[in-house]
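Letter by letter, the sequence shown follows residues 360 to 570 in our numbering. Where a beta carbon is used, it is the ideal one built from N, C-alpha and C, also for glycine. For clarity, every value in this text was computed on a predicted model and none was experimentally measured.
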Amino acid sequence: MGKVVVVTSGKGGVGKTTSTAALGAAVAKTGKKVALVDFDVGLRNLDLIMGAERRVVFDLVNVIQGTAKLSQALIRDKRVETLFLLPASQTRDKDALTEEGVGEVIERLRSVFDYVFCDSPAGIERGAQLAMRFADEAVIVTNPEVSSVRDSDRIIGLLDARTMKAEQGDQIAKHVLVTRYDAARAARGEMLSINDVLEILSTPLLGIIPE
């Protein structure tokens, strides 16, 4: 069975969707079969990042509602043959996502793929909570700014309380990805240092993407 990883953030504009695509592509290039799932219903962007916007015919909501098969909605990447995208709906309301429907799709993906990366909407609304619901691991993307880190801390609280693993008494594995980091500005006190971020979030560092 494959591993489900949610890529999430408390604040928009931190590079979460770009990071999802990059992480998925990097893993797929090792020969693993990878699916990227866009949960941002109505505001999808993962298809644009992947260069697949003109190839979207069916989406996650179609699969949940039974109007398309999973195999019809999955889009194979043209550059990495083991990388696939399941796009979000651009027109439907987020209420079209149901816990039962999302759970069924995730389990089907888990049975076929080595890794399933769920690109969560920013914040804590329904789409974000469903994106993290069935995850085994989480990547929390944050800027080294107080507001972004504070929002990320709230996301970590949800990961520790609202996931299936948490409800079963198990801890979800979590890592922090810090984006838009400028060491010179951090030294001048204009943004948080990496140590500050890690101390506040008490979560291991996955990596740093500079400004």
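- Put simply, the segment 464-484 touches the segment 362-382. At least three CB pairs are less than 8 Å apart.
- Restricting attention to T426, T379 and R539, the CA atom closest to the CA of P503 is found in R539.
- Within a 10 Å sphere around the beta-carbon of D529 sit fewer than 16 other beta-carbons, which makes this residue exposed.
- Under a 10 Å Cβ-count criterion, Q488 is classified as buried, with 16 or more other Cβ atoms of the shown protein chains found around its own Cβ.
- Taking C-beta atoms as the reference points, F398 and A455 fail to come closer than 8 Å.
- If the five residues before and after T457 are omitted, its C-beta is found closer than 7 Å to the C-beta atoms of I423, all from its own chain and listed in chain order.
- One thing to note: L565 has its Cβ no nearer than 8 Å to the Cβ of L518.
- Cβ atoms of G369 and S552 stay farther apart than 8 Å, at about 19 Å.
- If one requires a minimum length of 3 residues, the beta strand (DSSP E) runs lying completely within the segment 438-472 are 442-445, in chain order.
- For K524 against I499, the beta-carbon gap comes to about 16 Å, at or over 8 Å, which does not count as contact.
- In the DSSP assignment, T379 falls within the alpha helix (DSSP H) that extends over K375 to A387.
- With a cutoff of 8 Å on beta-carbon distance, I531 and E496 are scored as near each other.
- Judged by DSSP secondary structure, R485 falls outside any beta strand (DSSP E) and instead within the alpha helix (DSSP H) spanning R485 to R492.
- Per DSSP, the beta bridge partners of I568 are T538.
- Straight-line measurement puts the Cα of G425 at about 42 Å from the Cα of P569.
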